[in-house]
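Residue numbers for the sequence shown follow our numbering, so the first one is 4 and each next one is one higher. Ideal Cβ placement from N, Cα and C applies to all residues, glycine included.
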Amino acid sequence: MTLWQEFLVAVCLVFILEGLLPFLIPDQWRHWVMSLAQANTRTIRMTGLFSMLLGVGLLYLIH
């Protein structure tokens, strides 16, 4: 598998994971999105940073 194929597989997995919550619990997901829209910029940035660090950490553990 080439690097580009692996990258596209990763992007597809992101789409699948991003779609799980709206599909399974749409009302709760809507509430979370509305809450996030009202959050301040620092909270959103810290949430994004935590998410990225968690992803990097998990990748490190499985590889």
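### Task
Determine the DSSP secondary structure at residue 82, reduced to helix, strand or coil.
In the structure displayed, the chain extends from 4 to 66; residue 82 sits before or after that span and is not available.
### Query
Would DSSP call residue 46 helix, strand or coil?
helix
### Helix, strand or coil at residue 55 according to DSSP, with G and I counted as helix
helix
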